[in-house]
Amino acid sequence: MKILVINGPNLNMLGTREPEIYGTLTLEQIEDELEKYAKELDRAIELEFFQSNSQGAIVDKIQSAHGEFDGIIINPAAYTHTSLAIADAISSVNIKTVEVHLSNIYSREDFRHNSYIAPKCIGQVAGFSADSYKMALYGLYCAIK
Ligand code: DQA
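Here the sequence shown stands for residues -13 to 131, numbered as in our numbering.
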């Protein structure tokens, strides 16, 4: 079972970026934790990680997942609230997808309350810091196994 984990803009800055909101773990540490959790869940899970600050690169990556991956976990970061292009890319590939956020976007500024991506996903997890990714993986695994 192959799962693609996509992280959007500025998430490469985790660790130093607004730690009071996003925590102190780096993206690499979050990915390592998720890798360990995946192995505990089922050794058949294979994760691939991708991070980009560019909307086009994220669209390209989602398109290239078609036929290659069984599921996608995506933290689209700021593109959550702006990107019809990423939403359309998810619709195009017919791969079960879960949206993830470190912070609870619904308890923050109004402009973070809308997600273009969530309607294209089987579910959304927000507000549990790095554990959001583990919850998303568990939900996705249950949905596709
Ligand atoms: C985020 C929430 C977004 O609103 C923000 O733009 C991010 C990170 C999160 O994981 O909490 O970059 O996706």
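Glycine included, C-beta positions come from ideal geometry on N, C-alpha and C.
query, result
"Cβ distance (whole Å) where H87 is taken to contact S50 below 8 Å", "The pair is not a contact, with the Cβ atoms about 24 Å apart (cut-off 8 Å)."
"Any C-beta of chain D under 7 Å from that of V(-9)", "Within the model displayed, chain D is absent; a lone protein chain is all it includes."
"Any non-hydrogen atom of the ligand DQA closer than 6 Å to N100 Cβ", "no"
"Cβ-Cβ distance between A122 and V111 below 7 Å", "yes"
"Those residues which DSSP pairs with L(-3) across a bridge", "According to DSSP, L(-3) bridges with nothing at all."
"Nonlocal neighbours in the same chain, by C-beta distance under 6 Å from F35, ignoring five residues either side", "V(-9) and E17"
"Q37 versus E95: straight-line alpha-carbon distance, rounded", "24 Å"
"Buried/exposed call for L70, threshold 16 Cβ in 10 Å", "exposed"
"Whether L27 touches Y92 by CB criterion (7 Å)", "no"
"Secondary structure of E32, DSSP reduced to three states", "strand"
"Cβ-heavy atom distance, L88 to the ligand DQA, below 6 Å", "yes"
"N(-2) beta carbon less than 7 Å from that of A63", "no"
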